[in-house]
């Protein structure tokens, strides 16, 4: 059944109920956004080029060399 709440992201379908479930808290929402490609899974530090770590609680990326 098609509804106005059905979305397609790289052939993966998700419905409003799933979106509501995964947006219940910031960390779960950020992980889900990474899984569906809305947020990068990895980033490189612009200063040293090493992989950065996501600090989901603080909503930012941190250099792994810090």
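Numbering (full-length UniProt numbering), first residue to last: 1 to 66. Ideal placement from N, C-alpha and C gives every residue a C-beta, glycine not left out.
DSSP places residue 29 outside any beta strand (DSSP E); the residue lies instead in the alpha helix (DSSP H), whose first and last residues are 26-35.
With fewer than 16 other Cβ atoms inside 10 Å of its own Cβ, residue 46 counts as exposed. DSSP places residue 55 in the uninterrupted beta strand (DSSP E) bounded by 52-55. Annotation: residue 15 is outside any alpha helix (DSSP H) and is labelled neither H nor E by DSSP. Cβ-Cβ separation between residue 36 and residue 29: approximately 11 Å, too far for a contact (criterion under 8 Å).
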